[in-house]
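A.B. asks:
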Amino acid sequence: MLVDFEAELWVWEARRDDSWTFVSLPVDASDTIRELTAGQQRGFGSVKVKATVGLTTWRTSIFPDGKLGVYVLPVKKAVRKAQSIEPGDVVRVTVELA
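According to the numbering used here, the stretch in the sequence shown is residues -13 to 84, in order.
1) Select from Arg66, Gln69, Ile48 the residue whose C-alpha is nearest the C-alpha of Leu83.
2) Sorted by chain position, which residues of the same chain lie with C-beta nearer than 6 angstroms to Thr7's C-beta, five sequence neighbours on each side aside?
3) Considering only the alpha carbon of each residue, which of Ser5, Leu11, Glu(-1) lies closest to Val79?
4) Quick one: complete beta strand (DSSP E) runs, 3+ long, within the segment 4 to 54?
5) Using a Cβ-Cβ cut-off of 6 angstroms (strictly less than) and excluding sequence neighbours within five positions of Thr38, which residues of its own chain qualify?
6) Going by Cα to Cα distance, which pick from Gly40, Thr46, Gly55 is closest to Arg66?
7) Using the Cα positions of Ile19 and Phe30, report the straight-line distance between them to the nearest angstrom.
8) DSSP state of Ala(-7), grouped into three classes?
9) Among the residues of its own chain, which have a CB less than 6 angstroms from the CB of Lys34, if the five just before and after it don't count?
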């Protein structure tokens, strides 16, 4: 499954420094991923993915966010630096289930 979307980069409230930033996947995509991976999730309900932001692609995991009801993708500092993005920026993201 491949999900292509735009989302705002946001900072995790529990860690207000900029080391923990995320984008939220769309609700409909999150629902489909939940159905496709039922019983296959890893620790914390995570799902392995290949993610792309701009020209940077990496392997990581998405995690369910109980408050939002969607999966969230962590965007590490190296990706933010390579793509010159900061919290609050809207970015194009592609997520592919691994």
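Ideal Cβ positions, reconstructed from N, Cα and C, are used throughout, including at glycine.
C.D. replies: In terms of the structure at hand:
1) Of the candidates Arg66, Gln69, Ile48, the one whose C-alpha sits nearest the C-alpha of Leu83 is Ile48.
2) Leu(-5), Val(-3), Val61, Pro73
3) Leu11
4) 7 to 10, 33 to 39, 42 to 51
5) Taken in chain order, the residues that qualify are Thr80.
6) Gly40
7) C-alpha separation (whole angstroms): 15 angstroms.
8) strand
9) Ser47, Ala84
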